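There are 2 protein chains.
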Amino acid sequence: MKTNKLALTIIKIGGNIIDDPISLAKVLNDFSKIEGPKLLVHGGGKEASRIAEKLGLKPEMIDGRRITDNAMLDVVVMTYAGLLNKKITAQLIALQNLAIGLSGVDGNLILSKKKDNIVTDFGFVGDVISVNSDLLFKLIEQNMVPVFCAITHDGEGQLLNTNADTIASELAISLSKYYNVKLIYCFEKQGVLANTEDENSVILNINRSDYKDLLEKGAIHSGMIPKLDNCFYALSKGVQNIIIGHHSVITKQDSIYTTISL
Amino acid sequence: MKTNKLALTIIKIGGNIIDDPISLAKVLNDFSKIEGPKLLVHGGGKEASRIAEKLGLKPEMIDGRRITDNAMLDVVVMTYAGLLNKKITAQLIALQNLAIGLSGVDGNLILSKKKDNIVTDFGFVGDVISVNSDLLFKLIEQNMVPVFCAITHDGEGQLLNTNADTIASELAISLSKYYNVKLIYCFEKQGVLANTEDENSVILNINRSDYKDLLEKGAIHSGMIPKLDNCFYALSKGVQNIIIGHHSVITKQDSIYTTISL
Numbered sequence: 001m002k003t004n005k006l007a008l009t010i011i012k013i014g015g016n017i018i019d020d021p022i023s024l025a026k027v028l029n030d031f032s033k034i035e036g037p038k039l040l041v042h043g044g045g046k047e048a049s050r051i052a053e054k055l056g057l058k059p060e061m062i063d064g065r066r067i068t069d070n071a072m073l074d075v076v077v078m079t080y081a082g083l084l085n086k087k088i089t090a091q092l093i094a095l096q097n098l099a100i101g102l103s104g105v106d107g108n109l110i111l112s113k114k115k116d117n118i119v120t121d122f123g124f125v126g127d128v129i130s131v132n133s134d135l136l137f138k139l140i141e142q143n144m145v146p147v148f149c150a151i152t153h154d155g156e157g158q159l160l161n162t163n164a165d166t167i168a169s170e171l172a173i174s175l176s177k178y179y180n181v182k183l184i185y186c187f188e189k190q191g192v193l194a195n196t197e198d199e200n201s202v203i204l205n206i207n208r209s210d211y212k213d214l215l216e217k218g219a220i221h222s223g224m225i226p227k228l229d230n231c232f233y234a235l236s237k238g239v240q241n242i243i244i245g246h247h248s249v250i251t252k253q254d255s256i257y258t259t260i261s262l
Numbered sequence: 263m264k265t266n267k268l269a270l271t272i273i274k275i276g277g278n279i280i281d282d283p284i285s286l287a288k289v290l291n292d293f294s295k296i297e298g299p300k301l302l303v304h305g306g307g308k309e310a311s312r313i314a315e316k317l318g319l320k321p322e323m324i325d326g327r328r329i330t331d332n333a334m335l336d337v338v339v340m341t342y343a344g345l346l347n348k349k350i351t352a353q354l355i356a357l358q359n360l361a362i363g364l365s366g367v368d369g370n371l372i373l374s375k376k377k378d379n380i381v382t383d384f385g386f387v388g389d390v391i392s393v394n395s396d397l398l399f400k401l402i403e404q405n406m407v408p409v410f411c412a413i414t415h416d417g418e419g420q421l422l423n424t425n426a427d428t429i430a431s432e433l434a435i436s437l438s439k440y441y442n443v444k445l446i447y448c449f450e451k452q453g454v455l456a457n458t459e460d461e462n463s464v465i466l467n468i469n470r471s472d473y474k475d476l477l478e479k480g481a482i483h484s485g486m487i488p489k490l491d492n493c494f495y496a497l498s499k500g501v502q503n504i505i506i507g508h509h510s511v512i513t514k515q516d517s518i519y520t521t522i523s524l
């Protein structure tokens, strides 16, 4: 659906980009050149686990999600909202973007509730309830470039570790009230692969029916399933355009990537 | 000088308050009840040193300033801009203040330059150059309550550890363009003491001439000197009202404290 709304680009960068300073510098340089309203969401990479181990904690992941007890929450908040968020923000400002590093706590921008832990106790992990999109819109309208880490809060003083893909899709949904939102999930591969062993098997377009077929064939691996679920949910809630691809898609419009559609 | 400007209250809380969860909760509760535009600046307390030691680093202070090499800068950024800033912000939001946690990096709000290290090499420590007061004013006008940690940047991607008292006075100076600024430095004592051994020797008012006399008598101890220098500098640059006192001054208007005047 075409409307008269302004375009907004949301880029989510994953852990493998964060962990490689050369890739990160390249992505930030490319991101800084995107014209018009934009927003960056970053994951955490392996830094939090490295710091946790040095502090004598034992990082534990189940189904790609971090078990976050009180001590691990402190490490995650320090690493994501402190170290990574401020370094990325400083680099973007050096690239002449008026970046503002934010967590979901700041300005009550992303309210969550502690995940119901029926099967596994993930600890202080949040499910997003709402986005303060009016305030976020005002910041963006003042030419600021929000840079989000994946920390949220429950409104009662408790910080919560939250999935960065979900943060990106929830921000995209809430801002689609004001903008035609293009959401790009960047990672180390060129897109969703039909065969995870074959880097050249990028699927150029996936709609819901394709997704169902791929799931039945067992062609989609576990880490990609929640990402694609997020994508279809975001499209159903008004996000105009979603891409999954290598970070080179930010600048190279002719590169190969996966477009998700309903 | 009385003007028609709105009043703005800036509270700076020091390390001893940060280190004591009960004092901190009380201060934040009191702060949350201040009416009208306001802003909080927090120091770091001993948390950064504790984390640094756990990570195998050796914290080193000279004249109350932290020697900040690359590894220590990471710890300071994690602790101040991550852990402490987000915990304080989440607690203020739970108290119904629209708090937004900020460092000087965010929105390019506080630009610094690396301190000239003629005598001692302090490392990545910043001297404030400028405050983006127009942007800060817009945030405050949108009913946000900025919560600043003492991390700034040099505009070229380098983060810098910066003195929190100086951050508070520089913010006060820059915002005095828009507001009648009241700046309150809160710490564990009731005010500036004539005799550091006697808690009842609070000096109720110090002007420049008194300060000179006290310095000559050796009555002002080392940690208080840069704080008072900051105060006189801020007053000379347009800040209307400066108080040094115990955090109970935030609510108890009849308590004893030190007023600084020119």
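Residue numbers (our numbering), protein chains in the order written: chain A, 1 to 262; chain C, 263 to 524. Yeah, the Cβ is synthetic: ideal placement off N, Cα and C, and Gly gets one too. Quick caveat: nothing in here was measured; it's all calculated off a predicted structure.
- Put simply, the backbone Cα of K38/A is about 12 Å away from that of D30/A.
- For N108/A, the residues of chain C that pass the 7 Å Cβ criterion are I355, L360, in the order they occur in the chain.
- For S392/C, the enclosing beta strand (DSSP E) has its first and last residue at 388 to 393.
- Burial is judged here by how many other beta carbons sit within 10 angstroms of a residue's own beta carbon; P146/A has at least 16 and is buried.
- N161/A is classed as buried because its beta carbon has at least 16 other beta carbons within 10 Å across all chains shown.
- Leaving aside the five residues that flank N195/A on each side, the residues in its chain whose CB is nearer than 8 Å to its CB run, in chain order, S201, A219.
- Contact with chain C is absent for S49/A, since none of that chain's Cβ atoms lies less than 9 Å from the residue's Cβ.
- In the structure shown, the three-state DSSP call for H221/A is coil.
- Not a single C-beta of chain A is nearer than 9 Å to the C-beta of S463/C.
- Per DSSP, reduced to three states, the secondary structure at P146/A is strand.
- By the rule that beta-carbons nearer than 9 Å mark a contact, T351/C touches chain A.
- Neighbours of T341/C in chain A, taken as residues at a C-beta separation under 8 Å, are given in chain order as M78, G82.
- Legend: CB atoms of the segment 128 to 156 of chain A lying less than 8 Å from CB atoms of chain C belong to residues L135, K138, Q142, M144, I151, H153, G155, E156.
- The beta carbon of A314/C lies closer than 7 Å to those of P321, M334, V337 in the same chain, with the five residues before and after it left out.
- A distance below 9 Å separates the beta carbons of K227/A and Y185/A.
- Listed in chain order, the beta strand (DSSP E) runs fully inside the segment 323 to 387 of chain C are 361 to 364, 372 to 376, counting runs of at least 3 residues.
- For K439/C, the closest alpha carbon among the candidates K499/C, N492/C, N332/C, V339/C is that of K499/C.
- Bridge pairing for A269/C: N442/C [DSSP].
- N492/C counts as buried, since no fewer than 16 other beta carbons sit within 10 angstroms of its beta carbon.
- Within the segment 464 to 493 of chain C, contact with chain A at the beta-carbon level (separation under 9 Å) is assigned to no residue.
- At a cut-off of 9 Å between beta-carbon atoms, S365/C makes contact with chain A.
- Only exposed fits V381/C, as fewer than 16 other CB atoms lie within 10 angstroms of its CB.
- At a cut-off of 9 Å, the C-beta of G56/A has a neighbouring C-beta in chain C.
- In the three-state DSSP reduction, Y211/A falls in the helix class (H, G or I).
- Remark: C-beta atoms of N16/A and F187/A approach each other more closely than 9 Å.
- For Q515/C, no Cβ of chain A is located within less than 9 Å of the residue's own Cβ.
- From the listed residues K26/A, E170/A, S169/A, the smallest Cα separation to T251/A is found for K26/A.
- Identification of chain C residues near D74/A by a Cβ-Cβ cut-off of 7 Å yields L345, ordered along the chain.
- Sequence-ordered contacts of the segment 421 to 436 of chain C with chain A read L421 [C-beta pairs closer than 9 Å].
- At least one C-beta of chain C is nearer than 9 Å to the C-beta of K86/A.
- By a beta-carbon distance limit of 8 Å, E47/A contacts L83/A. Their separation comes to about 7 Å.
- Counting only residues of its own chain and dropping the five nearest sequence neighbours on each side, T414/C has a CB closer than 6 Å to the CB of G366, I372, S374, G388, L422, T424.
- Between L357/C and L290/C, the gap from beta carbon to beta carbon is short of 9 Å.
- Assignment of N278/C by DSSP, reduced to helix, strand and coil, places it in the helix class.
- Leaving aside the five residues that flank L6/A on each side, the residues in its chain whose CB is nearer than 8 Å to its CB run, in chain order, G36, P37, Y178, Y179, N180.
- Under the three-state reduction of DSSP, K227/A is assigned to helix.
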